[in-house]
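Taking my numbering, the leading residue of the sequence shown gets 9, the next gets one more, and so forth. For glycine and all other residues, C-beta sits at the position ideal for the given N, C-alpha and C. Reading through the structure tokens given below for one structure.
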Amino acid sequence: RDRVKDDDRLEGLDDVEAGAAFRAVAEYELGPADLEFVLSRGLGSDGHEGTSLEVSAGFDYALGERTFLNVSPFLIWGDSDYIGSFYGVSDREAAASRFNSYSASSGIERVGIEVSVAHFVTERFGFYGQAEYGALQGDAKDSPIVFDDSQFELAAGVIFNF
9 RDRVKDDDRL EGLDDVEAGA AFRAVAEYEL GPADLEFVLS RGLGSDGHEG TSLEVSAGFD
69 YALGERTFLN VSPFLIWGDS DYIGSFYGVS DREAAASRFN SYSASSGIER VGIEVSVAHF
129 VTERFGFYGQ AEYGALQGDA KDSPIVFDDS QFELAAGVIF NF
């Protein structure tokens, strides 16, 4: 919701400011899948103080000697503080906006898939491209401040191994 200044439809809602977070990452190789668990807890009152857990399973495929494909389905769960910070509407915000009050509870926030391709020009240098599709679920999807429950992201970059 930090786009309040950019989208007139969200006028009257508070911004969710950037803030510090504690993150713990665990990875486990299970046959062809690399399972990853990312636990995150907001630490500051400026941002959110909620907890989220992202679980993904990465599958790697060699498309050639220097070209690799990764496909990773994922889901993100959030507690009520996390989901409420991003998708809830407090009574005070409802009075200042066009939205009714909305209490968002804990649950699956989003499910999706990430696909990336990396091509190494040399052993140390290469390029990558990434596409991600995610669909909001549960209270996040049902929030009155959500105008599109699907999200698509593209990224590209350079890889350099030290």
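Beta-carbon separation (whole angstroms), residue i vs residue j, contact threshold 8 Å
i, j, result
"Ile-84", "Glu-122", "Not really, about 12 Å apart at Cβ, beyond 8 Å."
"Gly-142", "Ala-112", "Rounded, the Cβ-Cβ distance is 17 Å, inconsistent with contact."
"Leu-61", "Phe-82", "Incorrect: roughly 11 Å between the Cβ atoms, too far for contact."
"Gly-50", "Ala-104", "Actually they are not in contact, since the Cβ atoms of Gly-50 and Ala-104 sit about 23 Å apart, beyond 8 Å."
Span separating the alpha-carbon of residue i from that of residue j
i, j, result
"Asp-68", "Val-125", "10 Å"
"Leu-162", "Ala-139", "5 Å"
"Arg-132", "Asp-150", "46 Å"
"Pro-152", "Tyr-95", "8 Å"
"Arg-106", "Thr-59", "28 Å"
"Gly-72", "Val-166", "19 Å"
"Asp-87", "His-56", "11 Å"
"Ser-80", "Leu-43", "9 Å"
"Gly-136", "Arg-17", "For the record, residue 136 in the displayed sequence is Tyr; it is not Gly. So the alpha carbons of these two residues sit roughly 36 Å apart."
"Phe-128", "Phe-168", "9 Å"
"Ser-109", "Val-63", "30 Å"
"Ser-98", "Ala-34", "35 Å"
"Thr-75", "Gly-134", "9 Å"
"Glu-25", "Gly-120", "25 Å"
"Ala-41", "Glu-101", "44 Å"
"Ala-29", "Leu-47", "10 Å"
For residue i, the three-state DSSP class (helix, strand or coil)
i, result
"Arg-17", "helix"
"Ser-80", "strand"
"Ile-91", "helix"
"Ala-143", "strand"
"Glu-101", "helix"
"Ala-112", "coil"
"Asp-157", "coil"
"Asp-150", "helix"
"Gly-50", "strand"
"Asp-7", "The chain is shown only over 9 to 170; residue 7 falls outside these bounds and no answer can be derived."
"Ala-28", "coil"
"Leu-71", "coil"
Beta-ladder partner(s) of residue i, from DSSP
i, result
"Phe-135", "His-127, Val-166"
"Val-63", "Phe-45, Leu-83"
"Arg-118", "Ile-84, Leu-144"
"Glu-57", "For Glu-57, which the question treats as bridged, DSSP gives no partner whatsoever."
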